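Colleague: As numbered in the numbering used here, residues 328 to 550 make up the sequence shown, in order.
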Amino acid sequence: MRMNAEVIFRFLKDINIHNDRDWFKEHKDEYESARIEFENFLAQIIARISLFDESVRNVQPGDCTYRIYRDLRFSQDKSPYKRHIGGYINPKGKKSAHSGYYIHLEPNNCMLCSGSICVTNEMQKALRLAVYDNMDEFRAIVEDPAFSRFFLTIGFEKMKMAPKGYPKDYPYIDYLKCKDYSCCMNVADSFFYKPDLLDTLDEVFKQMKRLNDFVNITIDEME
């Protein structure tokens, strides 16, 4: 069964234009249709991932999704609703530092990501050391053409200078400058309309799992 992407994108385009409470109240049924469609899609993805990553087998779609309501406390943008819908498939919960699988649908800004972002400074240092101590293993993952065909860079944020305690002339210093060990693949909206969508996602998520496994060994030791 394929996802009806049109139901989701139609709502997201509408909420981008009509981001106010009155409109949302009158069109809440459209949001519910999009939400249900997305959660059904997540259920299919979880079932597929569980075939090569048993840790997600008991994850429920509702555990992976987020509220549509924005936190306005510290934002100058007072629009009450998010303009995207996303799901983070993580066996230890979507708030865990543990690395999982993230799917983000937003018109003209869709992406598939994995990795651990919300880590403490101590976790960040431990991950950097794990990469340094196991550089050959790490490079075998991220420089493998099977991986790099989907993910061109590692880390959302990087330090400008070499981290303290590591030689500046280290040949793989860019990997140690990462503030997080994540990967992200931007995709067109049309990606989610593909008839072979689930098969393509299988390929992407199998490569994500390789980095997840590497990262999670260190995080599991610290949690």
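Each residue gets a CB set at the ideal place from its N, CA and C atoms; glycine is no exception. All values derive from a computational prediction rather than experimental measurement.
(1) Cβ of residue 427 within 7 Å of Cβ of residue 435?
(2) Under 7 Å between the Cβ atoms of residue 361 and residue 520?
(3) How about the segment 463 to 480 and the segment 401 to 421: do they share at least three Cβ pairs that are nearer than 8 Å?
(4) So residue 389 is in the alpha helix (DSSP H); what residue range does that whole segment cover?
(5) Residue 510 to residue 475, Cα distance in whole Å?
(6) Please say whether residue 503 and residue 490 have beta carbons closer to each other than 7 Å?
(7) Cα-Cα, which of 527, 541, 408 is closest to residue 345?
(8) Nearest-angstrom Cα distance between residue 384 and residue 496?
(9) Are three or more beta carbon pairs between the segment 458 to 466 and the segment 437 to 446 nearer than 8 Å?
(10) What do you get for residue 488, buried or exposed, if any count of 16 or more other CB atoms within 10 angstroms of its CB means buried?
(11) How long is the line joining the alpha carbons of residue 393 and residue 499, rounded to whole angstroms?
(12) So, are the CB atoms of residue 443 and residue 514 less than 7 Å apart?
(13) If you draw a straight line from the C-alpha of residue 446 to the C-alpha of residue 430, how long is it?
(14) At the level of alpha carbons, what is the spacing between residue 530 and residue 433?
(15) Can you tell me which of the three DSSP states residue 439 falls into?
(16) If we ignore side chains and look at the alpha-carbon of each, how far apart do residue 524 and residue 485 end up?
(17) First and last residue of the beta strand (DSSP E) that includes residue 513?
(18) In the DSSP assignment, the beta strand (DSSP E) including residue 459 goes from what residue to what residue?
Modeller: By the coordinates alone:
(1) As a first step, residue 427 is located in the sequence shown; it is residue number 100 there, counting from the start. As a first step, residue 435 is located in the sequence shown; it is residue number 108 there, counting from the start. Not in contact: residue 427 and residue 435 (Cβ atoms no closer than 7 Å).
(2) Counted from its first residue, the sequence shown places residue 361 at position 34. Counted from its first residue, the sequence shown places residue 520 at position 193. Contact: no.
(3) no
(4) For this step, residue 389 is matched to residue 62 along the sequence shown. From DSSP, the alpha helix (DSSP H) with residue 389 extends over 388 to 391.
(5) If you number the sequence shown from 1, residue 510 lands on position 183. If you number the sequence shown from 1, residue 475 lands on position 148. Distance between the alpha carbons of residue 510 and residue 475 is about 10 Å.
(6) The count along the sequence shown starts at 1 and reaches residue 490 at position 163. The count along the sequence shown starts at 1 and reaches residue 503 at position 176. Contact: yes.
(7) The residue given as residue 345 occupies position 18 in the sequence shown. Ranking 527, 541, 408 by Cα distance to residue 345 puts 408 first.
(8) Locating residue 384 in the sequence shown gives position 57, counting from the first residue. Locating residue 496 in the sequence shown gives position 169, counting from the first residue. Rounded to whole angstroms, residue 384 to residue 496 spans 44 Å at the Cα level.
(9) no
(10) Looking up residue 488 in the sequence shown gives position 161. Flag for residue 488 reads exposed.
(11) Taking the sequence shown and counting its residues from 1, one reaches residue 393 at position 66. Taking the sequence shown and counting its residues from 1, one reaches residue 499 at position 172. The straight-line gap from Cα to Cα measures roughly 37 Å.
(12) Working through the sequence shown from its first residue, we reach residue 443 at position 116. Working through the sequence shown from its first residue, we reach residue 514 at position 187. No, these two residues do not count as a Cβ contact at 7 Å.
(13) As a first step, residue 446 is located in the sequence shown; it is residue number 119 there, counting from the start. As a first step, residue 430 is located in the sequence shown; it is residue number 103 there, counting from the start. Taking C-alpha positions only, residue 446 is separated from residue 430 by approximately 20 Å.
(14) Sequence index remark: in the sequence shown, residue 530 carries index 203 (1-based). Sequence index remark: in the sequence shown, residue 433 carries index 106 (1-based). Those two C-alpha atoms are separated by around 22 Å.
(15) The sequence position of residue 439 within the sequence shown is 112, counting from 1. The answer is strand: DSSP assigns residue 439 an E or B state.
(16) Mapped onto the sequence shown, residue 524 falls at position 197. Mapped onto the sequence shown, residue 485 falls at position 158. Residue 485 has its alpha-carbon roughly 32 Å from the corresponding atom of residue 524.
(17) What you label residue 513 is simply residue 186 of the sequence shown in a count that begins at 1. First-last of the beta strand (DSSP E) with residue 513: 508 to 514.
(18) Walking along the sequence shown from the start, residue 459 turns up at place 132. Per DSSP, residue 459 belongs to no beta strand (DSSP E); it is in the alpha helix (DSSP H), 448 to 460.
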